[in-house]
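Mapping the sequence shown onto full-length UniProt numbering, position 299 (from 1) lands on 299, and the numbers just tick up by one.
For every residue, glycine included, the Cβ atom is placed at its ideal position computed from N, Cα and C.
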Amino acid sequence: MCELTKPNYELLLSSETLGKVVAYKQLLEAGPQQPGAYLSRQLEGVSLADLTTEQFIGFLLKTKVPCIFAESKLRCDGSDWTPEEVSILGDICVAVEVTVFDNGVWSTYDPQFIPYDEPFPAHLLFVPGALLSNPNSPDLKEVLDEDKGLSFDKYATLMCRRLMPVFDYINDTATERNKALVTLPGIGCGLFAGDFIEVFPGYLEKTLFNILSNNHKRWINIDYVVFVPYKGKSTTSILGHISYRVRPYLTHLKPQLSMPAIFQETHDNQLDDFSQYHLYKLVAWDHLSYPGSDYYLGKRHTDNGVSAAATDVMSKLLGVEGSYDGRGYYKPPKEFLIWNDVVKAYNIGLYVHQNLRVAVETPKN
Numbered sequence: 001m002c003e004l005t006k007p008n009y010e011l012l013l014s015s016e017t018l019g020k021v022v023a024y025k026q027l028l029e030a031g032p033q034q035p036g037a038y039l040s041r042q043l044e045g046v047s048l049a050d051l052t053t054e055q056f057i058g059f060l061l062k063t064k065v066p067c068i069f070a071e072s073k074l075r076c077d078g079s080d081w082t083p084e085e086v087s088i089l090g091d092i093c094v095a096v097e098v099t100v101f102d103n104g105v106w107s108t109y110d111p112q113f114i115p116y117d118e119p120f121p122a123h124l125l126f127v128p129g130a131l132l133s134n135p136n137s138p139d140l141k142e143v144l145d146e147d148k149g150l151s152f153d154k155y156a157t158l159m160c161r162r163l164m165p166v167f168d169y170i171n172d173t174a175t176e177r178n179k180a181l182v183t184l185p186g187i188g189c190g191l192f193a194g195d196f197i198e199v200f201p202g203y204l205e206k207t208l209f210n211i212l213s214n215n216h217k218r219w220i221n222i223d224y225v226v227f228v229p230y231k232g233k234s235t236t237s238i239l240g241h242i243s244y245r246v247r248p249y250l251t252h253l254k255p256q257l258s259m260p261a262i263f264q265e266t267h268d269n270q271l272d273d274f275s276q277y278h279l280y281k282l283v284a285w286d287h288l289s290y291p292g293s294d295y296y297l298g299k300r301h302t303d304n305g306v307s308a309a310a311t312d313v314m315s316k317l318l319g320v321e322g323s324y325d326g327r328g329y330y331k332p333p334k335e336f337l338i339w340n341d342v343v344k345a346y347n348i349g350l351y352v353h354q355n356l357r358v359a360v361e362t363p364k365n
C-alpha cells in the first residue's frame, strides 16, 4: 500500500456563500426540511446542532463524487442533492499549487503537445461554471428573468460570487517579485451553457471586464488576465494596471498551461517580459465532482481532465504521490490503473480543516 500524506489545497468561497451555508444548516436543524440523500448518508448518527459551520461544509463536500456528468446526471430533487446543496457546492472553488509537466494540449497526438524538460510551478483554481443545461439546476433558476430569458445581471452576480474569491486568492498569494499571469477558458461555456451556448462566451467576457474594472486598484499583484474562449474576436483592454486580453484559442493556439513566456506579446514596439511571472490557471469545473473530474477515469480530453493529467494536482488533492510518464499522464502508483482506484482503496474525499478561505470583500461586478 502507498504512503499517505496530508492533502494540500485551499477552499475558496464568498461571505455570501458562507451565509447560505449557515442558513441551510439552520433550516435543517429546524425542520421539516430534509437534506438530500447523499448528505443524509453522511450525517447518520451526527447531531447537526453540534457541528461548526466548517464541519458542516466538510460533510457537504463528502457528498461529491470523483467524476459525474452534472449536465445530465443531477436530479436535484433530494434523491441525490437538494437545490440548496447544489447551489452551495457550486460556489466553492478549490486552489492548488502544482508542478506543470506539459502545456495542456488536450490530445497528446496533437503536434502542439509539449512535455517540459524542466517542469515549473503554477497554481490551478477550479471554478464551477453556471450549470444551465440541466433543467433541475438551481443556477438556471437563479439567472433567468421573469420571461425565462437569460438575465446578464443575474448571470454576472452568480459568476462574481464564484470568481471574486478566486481573484482575491490570486492577489494574496502572488508577490511583487512574482506577479500573477492569469489564464482562463470559457468556464461554463460548453455543455453547461445549454440553450445559451452562443451568448455565454460574450457574457463571461463582459463579466470579467466588469470585475477587473471595479477591483483593479486592490489587486496590485495581478498584471495580466488572458481569457481564452474557443472562438471569437481578440481584444485588449487596459483596466488600471491590468492588461485584460481576450485571445480565442482557434486564433492564437496557445494552450493555457504553456510557460508564461509563451503568452508574451509586443505592444507599442515593446515585448512583454513574463520571465518572473507566476502562472495561475482557472479550470472549468462542476459542482459535484472532485477537482480533476474526468482524469479519475484516465480521460485527458476536457479542461478538468487535462489540468490533472498535465500536473501533480492529484497528489495534492489525495495525498498519494504519483509520477508523470513523459507522455501526457500523471500516473497513480503502479499498483493502480487509474486515480479512481486510489480513491476507492483509501476512501479519500475532500476535506475541510484550516484550509477554508472566505473572501470578506464585498463583491463588485
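| said: Threshold first: 4 residues or longer. Then list the alpha helix (DSSP H) segments lying entirely within the segment 42 to 116, N to C. | reply: 53 to 61, 70 to 73 and 83 to 90
| said: Closer than 8 Å is the cut-off here; do at least three beta carbon pairs connect the segment 98 to 118 with the segment 299 to 315? | reply: yes
| message | Restricting to Cα atoms, I'd like to know which of 97, 202 and 87 is closest to residue 281. | response | Reading the sequence shown from its first residue, position 281 is the one you call residue 281. Closest option to residue 281, Cα to Cα, is 97.
| said: Rounding to the nearest angstrom, what Cα-Cα distance links residue 261 and residue 277 in this structure? | reply: Numbered from 1 along the sequence shown, position 261 holds the residue referred to as residue 261. Numbered from 1 along the sequence shown, position 277 holds the residue referred to as residue 277. Looking at the two C-alpha atoms, the distance is approximately 9 Å.
| task | Hey, could you find the ends of the alpha helix (DSSP H) residue 301 is sitting in? | result | For this step, residue 301 is matched to residue 301 along the sequence shown. Where residue 301 is concerned, there is no enclosing alpha helix (DSSP H), given that its DSSP letter is neither H nor E.
| query | Counting along the chain, where does the alpha helix (DSSP H) carrying residue 211 start and finish? | reply | For this step, residue 211 is matched to residue 211 along the sequence shown. Start and end: 200 to 215.
| request: Between the Cα of residue 302 and those of 234, 250 and 185, spot the shortest distance and give me the residue it belongs to. | output: Residue mapping note: residue 302 aligns to position 302 of the sequence shown, counting from 1. Nearest C-alpha to residue 302: 185.
| Closest by C-alpha distance to residue 72, when choosing among 132, 125 and 226 | The residue you call residue 72 lines up with position 72 of the sequence shown. Considering only alpha carbons, the answer is 132.
| field | Residue environment, residue 5, which counts as buried when at least 16 other CB atoms sit within 10 Å | value | Your numbering for residue 5 matches position 5 in the sequence shown. Exposed.
| field | Cβ-based neighbour list, residue 294, same chain, cut-off 7 Å, excluding 5 preceding and 5 following | value | Here residue 294 corresponds to residue number 294 of the sequence shown, with the count starting at 1. Only 67, 302, 304 and 305 meet the Cβ criterion.
| Contained beta strand (DSSP E) runs [length at least 3] in the segment 162 to 200, N- to C-terminal order | Complete beta strand (DSSP E) runs here, min 3: 180 to 185.
| task | Grab the span of the beta strand (DSSP E) containing residue 224 for me, first residue to last. | result | Within the sequence shown, residue 224 is the residue found at index 224, counting from 1. Segment 222 to 228, the beta strand (DSSP E) holding residue 224.
| task | Measure the alpha-carbon distance for residue 127 versus residue 284 and round it to whole angstroms. | result | For the purposes of this step, residue 127 is taken as the residue at position 127 of the sequence shown. For the purposes of this step, residue 284 is taken as the residue at position 284 of the sequence shown. Cα to Cα, residue 127 sits roughly 6 Å from residue 284.
| said: Are the CB atoms of residue 210 and residue 174 within a distance shorter than 9 Å? | reply: As a first step, residue 174 must be located in the sequence shown, where it is residue number 174. As a first step, residue 210 must be located in the sequence shown, where it is residue number 210. No, the pair does not count as a contact, with Cβ atoms beyond the cut-off.
| task | Tell me where the beta strand (DSSP E) around residue 285 begins and ends. | result | Locating residue 285 in the sequence shown gives position 285, where the first residue counts as 1. Looking at the DSSP string, the run of the beta strand (DSSP E) that includes residue 285 is 278 to 285.
| Taking residue 110 as the reference, which of 253, 50, 229 and 228 has the closest Cα? | To locate residue 110, count along the sequence shown from 1; it is residue 110. Nearest option by C-alpha distance: 253.
| query | At what residue ranges does the segment 10 to 37 contain a whole run of the alpha helix (DSSP H), taking only runs of 4 or more? | reply | Within the segment 10 to 37, complete alpha helix (DSSP H) segments of at least 4 residues are found at 15 to 30, given in chain order.
| message | Per the DSSP calculation, residue 238 is bridged to which residue(s)? | response | As a position in the sequence shown, residue 238 is number 238, starting the count at 1. Residue 238 pairs with 243.
| task | Can you say whether residue 297 is buried or exposed, counting buried as having 16 or more other CB atoms within 10 angstroms of its CB? | result | Your numbering for residue 297 matches position 297 in the sequence shown. By the 10 Å Cβ count, residue 297 comes out exposed.
| Reference residue 21; option with closest CA among 11, 54 and 37 | Taking the first residue of the sequence shown as 1, we reach residue 21 at position 21. Checked all of 11, 54 and 37; the closest Cα to residue 21 is 54.
| request: Quick one: using the 10 Å Cβ neighbour count with 16 as the cut-off for buried, is residue 235 buried or exposed? | output: Taking the first residue of the sequence shown as position 1, residue 235 is located at position 235. Residue 235 should be labelled exposed.
| Backbone secondary structure at residue 124 - three-state DSSP | Here the question's residue 124 lines up with position 124 in the sequence shown. Here residue 124 sits in strand by DSSP.
| Beta-carbon proximity list for residue 326, same chain, < 6 Å, skipping 5 on both sides | Working through the sequence shown from its first residue, we reach residue 326 at position 326. Closer than 6 Å at the Cβ level, and outside the excluded window around residue 326, lie 115.
| request: Would you tell me roughly how many angstroms separate the C-alpha atoms of residue 61 and residue 147, rounded to the nearest one? | output: Start at 1 with the first residue of the sequence shown, and residue 61 comes out as number 61. Start at 1 with the first residue of the sequence shown, and residue 147 comes out as number 147. Going by the C-alpha atoms only, they are around 34 Å apart.
| residue 345 bridges to which residues according to DSSP? | Numbered from 1 along the sequence shown, position 345 holds the residue referred to as residue 345. Paired residues: none, contrary to the question.
| task | Whole angstroms is fine: what's the gap from residue 345's alpha carbon to residue 41's? | result | If you number the sequence shown from 1, residue 345 lands on position 345. If you number the sequence shown from 1, residue 41 lands on position 41. Approximately 20 Å, taken between the alpha carbons.
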